[in-house]
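So the structure is just underneath, and the comments pick up after that.
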Amino acid sequence: MIYFILVFQQLIASTTHLVAQDVTQHVDPLVVLLFRCSLASIALGAIILTRKSNKSKPIARADKWRLLIVGLLNVPINQFLYLEGIKLTSPANSALLYAMTPLFVFLLTLGVHRERASWKKWAGILIAFVGVILIMWEHGADLHPDYFEGNLLIFIAVIAWSFYTFLGKPLVERYGAVRITALNMIIGTLVYIPIGLIFGDISAVHSIVGVDWLRILYLALMASVVNYLMWFYALGKLETSKVAIFQNLQPVLTVIMALLLGRAVLTGQFAAGGIMTLIGVTLVQLG
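Sequential numbering from 0 applies to the sequence shown in my numbering.
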């Protein structure tokens, strides 16, 4: 069941790159994030208020600081840099950069946590990453200088997401996935709102067309609520590295969707990259 949830979570995440790039071509990324995180916070807050088990244990003082950091990593840093970066680079580049998440998370767990550095984990992470490179290089990944700024912003967002995953796991284990997802989103949103209102092009809100509102709604409810809830839920059930490696399934799922829609053709390079990625994910689960 947990692996089905992770695959579905990555399916949602794989569509985020395309939706985010489309909407940021027409709407200021600062404004997109303002509505995305605000709507996500309202939805998550409503979930918390309507839950039967709302009498949760108080959060310890030390964990309050960790929760604040996680909230800052989530909205003002990761989501902001991602939306700014995706406007300046390609979805393929973004997916390739996010495929580095498992390696960063694994290095963090080796340095701080108690996870073992088994050869299966090392091999799985490296094999899966090579598989992603094969897939994305065939489907538009490009290190052209014109993409440098966007790639750099996405790269920093990936580092923030890796720390977000690493620091969020113990909070989820102590207080639950739903509560921590909601609290870190609300905290991050409260910090970001003044930034979005001051620096965002709010005056252009009236010109946002219906399809872009739908894209923003998708980013808020699917990419920021459902996606994050499933990610933290999985972190509460599995080792951090075993969850993070599923990030590498995004390119595979993206191309499979394109194949089903008739927008891509099955090639030997994709087959080889997909098989390597699946082998890598499996090795990490066995490690």
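Note that the Cβ used here is the ideal one computed from N, Cα and C, for glycine as well.
Item	Value
Residue interval of the alpha helix (DSSP H) (run including K119)	118-137
Straight-line Cα distance separating A122 from S223	31 Å
For I126 and I201, the rounded distance between their alpha carbons	45 Å
H143 (DSSP reduced to helix, strand or coil)	coil
Y191 vs L32 beta-carbon contact at 8 Å	yes
Beta-carbon gap between V157 and N247 smaller than 8 Å	no
Cβ pair V69, N150 closer than 8 Å	no
Nonlocal neighbours in the same chain, by C-beta distance under 8 Å from V283, ignoring five residues either side	P101, K119, K120, G123, I124, A127, S240, K241, I244
For H205, the three-state DSSP class (helix, strand or coil)	helix
The ligand PLP heavy atom lying under 7 Å from the CB of I201	The model depicted lacks the ligand PLP and carries no ligand whatsoever.
Close beta carbons around I134, own chain, < 8 Å, minus the five adjacent residues each side	P250, V251, V254, Q268, F269, G272, G273, T276
Collapsed DSSP secondary structure at D62 in the structure displayed	helix
Same chain, Cβ closer than 7 Å to D211, neighbours up to 5 away in sequence not counted	V22, H25, V26
For S40 and T281, believed in contact at Cβ under 8 Å, the rounded distance	So it is not a contact: roughly 36 Å between Cβ atoms.
Per-residue burial, A181 [other beta carbons within 10 Å of its own, 16 or more giving buried]	buried
Reduced DSSP category for M229 - H, G, I as helix; E, B as strand; rest coil	helix
From L265, L38, Y232, L285, residue whose alpha carbon lies closest to that of I185	L38
Top-ranked residue by Cα proximity to G230, from P144, A45, A159, K168	As written in the sequence, residue 230 is Trp, which differs from the Gly given in the question. The shortest Cα separation from W230 among P144, A45, A159, K168 belongs to K168.
Distance, I215 Cα to I85 Cα	14 Å
Best match in I58, W160, L67 for proximity to M99 [C-alpha to C-alpha]	W160
Other residues of its chain near N53: CB distance less than 6 Å, five sequence neighbours each side excluded	Residue placement at N53 is flagged as unreliable, the pLDDT there being 48, under the threshold of 50; a coordinate-derived value is accordingly withheld.
Beta-carbon separation (whole angstroms), C36 vs V6, contact threshold 8 Å	Rounded, the Cβ-Cβ distance is 26 Å, inconsistent with contact.
For N92 and V129, the rounded distance between their alpha carbons	14 Å
Reference E137, options L95, L170, L71, closest by Cα	L95
Cβ pair W237, I4 closer than 8 Å	Note on residue identity: the sequence assigns Leu, not Trp, to residue 237. Result no, Cβ atoms of L237 and I4 do not sit closer than 8 Å.
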